[in-house]
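Chains as they are written, first to last, in this note's numbering: chain A, 1 to 67; chain B, 1001 to 1265; chain C, 2001 to 2356.
Glycine included, C-beta positions come from ideal geometry on N, C-alpha and C.
What follows is a single structure, written as structure tokens, with notes after it.
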């Protein structure tokens, strides 16, 4: 989950996602940045790479744990 | 799978630490400062030491660090943070004290304070965010600006003949017996972020055990000062900064663990 | 007519320095004057005039570089803004004590402490009363336009060498950052022949060794040295400079310098258009202070308002010059806020005319 208004569109999450889940939106947020979003949500493995590399901490990660 | 199924609290794996305030960071998009801020606050949160931690903010882009870190902070004059930290730590030895400084703050105007706090082995952490440029004032040359690198006061590229060599202050302070842990890390890729967090955790634990001064350099990007996109600036950093400022532990538990002479050349 | 250009105040200082045949500039980045250093590194005058430009590791290092170079008789300068100027105070005291010529530019910002980057005039005391330790004075020039920023560089160096004293250009963030048309002076060649009787360039066989110092452990000698300095400072009255607007028939007087004066000029225009007899005295040298003309005007006007971008500094010198003859008040906005001409007119109503 991306906090769209906080995202500054730096793209560092996108290039560090191992499954190409993230892309930058063609829309912009209130500050004019093309925010990050999950273009391929099915590919997400919940690895948290995106969240920990984000300078603004705008990403929250959930992973469904298999029991 | 339904999104509501996924975002259940028990599935939460990572969220922004509550020890960062709600304020939007004033740093440029993609700037490593933000990442390091989050890591320090995560460690403070995980160790449960928010009530006992005092940070010292520098002059530079991170002068406003106190707007973002939810701990007591003191803003120091340019370069004087290690002296301010000494003043606090000597009177409150049980507290966790750290400075957070940029390359101009720590290695230009603050050289004396840096060296002497390290020489005295103050039981603090010095965070050194090295992006080879003066960001806040508009992209001037810094002591760590690389040879040939352009900035607003080295518009034709740094020329060591006139301006001196890029300063490897970290290798210098590692030679002082007062420093116990000296390391150089980065936060542009997830693997580096995890290593940096480990280093920060180690540094705070050292402070609790009164094991001397911890000096953590984070080589970081400055896409605005370097005039690149954030992604490109991280690539440029890997290609240009890392060869001159190699990552890794330099001194652990008071012992140098690298071939310093090779790095200093 | 000389070359005309549209420039920022900071850039004008830099360009004027090159054209004045300056030998060296030592500086350090600080907002709002980093453009001086940036312009000089971009123009790279070392290639054309041989002028040295160096970014020092700190403001303290820069002023000590100035001290060294000035002791060899060269034309040298530095620039900074309030917090950086504070750092230079020890060095400036040394330069004054050793009687060395040099130019120091202060592009003042709001304080105290790290303050703000907005313009202010709160360094008046620091510039005119000391700042550094000891009984010394600086010649202080206060530009009110980008043209004066350019003109005062050569003028300042001339005065510095005339009196063998440091000279300060007391500007502010507004003038440093604004862009105006400037007529630039001709390029002066760098001086190669100059009086080397007192400088440290190497003791030649024909003279005793030269020492640059401000140390005098013998109290009698230090007393005499200080008396000599005081005599020198008194003689600077010969170079006092100011400008008057609509003072001939003024009933009330504004005293303001720099950016303040520009705003007050507008206030005078508005007042005159309303039939009020308001005048403005703009000191151009803050030291030596134009106390004689103020004392003279105090016999003509009914009250004076000292208008400054601070909490009240120059007003004290105005009061001293007026010596109790008429009321003197202060109006100002410290901390980086800038008042408007209307604010000035309101203050006059409240403080001066309200009393009558």
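- Residue 1170(B) is positioned such that its CB atom lies closer than 7 Å to that of residue 1217(B).
- For residue 1137(B), the nearest CB of chain C lies under 7 Å from its own CB, placing it at the interface with that chain.
- Burial is judged here by how many other beta carbons sit within 10 angstroms of a residue's own beta carbon; residue 1226(B) has at least 16 and is buried.
- Against chain B, the beta carbon of residue 62(A) has neighbours under 8 Å at 1006, 1007, 1008, 1011, 1012 and 1013, listed in chain order.
- The shortest CA-to-CA distance from residue 2330(C) to any of 2351(C), 2269(C), 2341(C) and 2104(C) is the one to 2351(C).
- Residue environment analysis places residue 2332(C) among the buried positions, since at least 16 neighbouring C-beta atoms fall within 10 angstroms of its C-beta.
- Annotation for residue 2064(C): the continuous alpha helix (DSSP H) segment containing it runs 2059-2070.
- Of the candidates 2264(C), 2147(C), 2268(C) and 2327(C), 2264(C) places its Cα closest to the Cα of residue 2338(C).
- Using a CB distance cut-off of 7 Å, residue 2037(C) counts as an interface residue toward chain B.
- For residue 2194(C), no beta strand (DSSP E) segment is defined, and its DSSP state is neither H nor E.
- The CB of residue 1108(B) comes closer than 7 Å to the CB of 2057 and 2058 in chain C, given here in chain order.
- Note on the segment 1193-1254 of chain B: whole beta strand (DSSP E) runs with a minimum of 3 residues are 1213-1219 and 1248-1252, in chain order.
- The residues 2030 and 2059, in chain order, have a CB closer than 6 Å to that of residue 2084(C) in the same chain once the five nearest residues on each side in sequence are set aside.
- DSSP places residue 1022(B) outside any alpha helix (DSSP H), giving it a letter other than H or E.
- The C-beta distance from residue 1190(B) to residue 59(A) rounds to 12 Å, too long to fall under 8 Å, and the pair is not in contact.
- Note on residue 2179(C): under 16 other CB atoms within 10 angstroms of its CB, so exposed under the neighbour-count rule.
- Residue 1114(B) has its alpha-carbon roughly 15 Å from the corresponding atom of residue 1181(B).
- With a threshold of 16 other beta carbon atoms within 10 Å, residue 2172(C) meets it and is buried.
- For the 7 Å CB-CB criterion, residue 2089(C) and residue 2131(C) form a contact.
- In the displayed model, residue 1009(B) falls within a helix according to three-state DSSP.
- Residue 2184(C) has 2003(C) as its beta-bridge partners, per DSSP.
- Residue burial annotation: residue 2317(C) is buried, with at least 16 other C-beta atoms found within 10 angstroms of its C-beta.
- Taken in chain order, the unbroken stretches of alpha helix (DSSP H) that lie wholly in the segment 31-67 of chain A and span 4 residues or more are 49-53.
- Using a Cβ-Cβ cut-off of 7 Å, residue 1034(B) counts as an interface residue toward chain A, since at least one Cβ of chain A sits closer than that to its own.
- Chain C has a Cβ within less than 7 Å of the Cβ of residue 1134(B).
- DSSP places residue 2117(C) outside both helix and strand once states are collapsed to three, so it counts as coil.
- Using beta-carbon distances, residue 53(A) counts as an interface residue toward chain B, with a partner under 7 Å.
- Legend: CB atoms of the segment 1150-1173 of chain B lying less than 8 Å from CB atoms of chain C belong to residues 1152, 1153, 1154, 1155, 1156, 1162 and 1163.
- If the five residues before and after residue 1187(B) are omitted, its C-beta is found closer than 8 Å to the C-beta atoms of 1032, 1035, 1036, 1039, 1193, 1196, 1218 and 1220, all from its own chain and listed in chain order.
- Exposed is the label assigned to residue 2274(C), since fewer than 16 other Cβ atoms lie within 10 Å of its Cβ.
- Contact of residue 1079(B) with chain C by beta-carbon distance below 8 Å involves 2058.
- Counting only residues of its own chain and dropping the five nearest sequence neighbours on each side, residue 2071(C) has a CB closer than 8 Å to the CB of 2098, 2100, 2199, 2200 and 2212.
- Chain B has no Cβ within less than 7 Å of the Cβ of residue 2334(C).
- Contact annotation for residue 1119(B) against chain A: no contact, minimum CB-CB distance about 33 Å [criterion: below 7 Å].
- Assignment of residue 2008(C) by DSSP, reduced to helix, strand and coil, places it in the strand class.
- By the neighbour-count criterion, in which a residue is buried when 16 or more other Cβ atoms sit within 10 angstroms of its Cβ, residue 2034(C) is buried.
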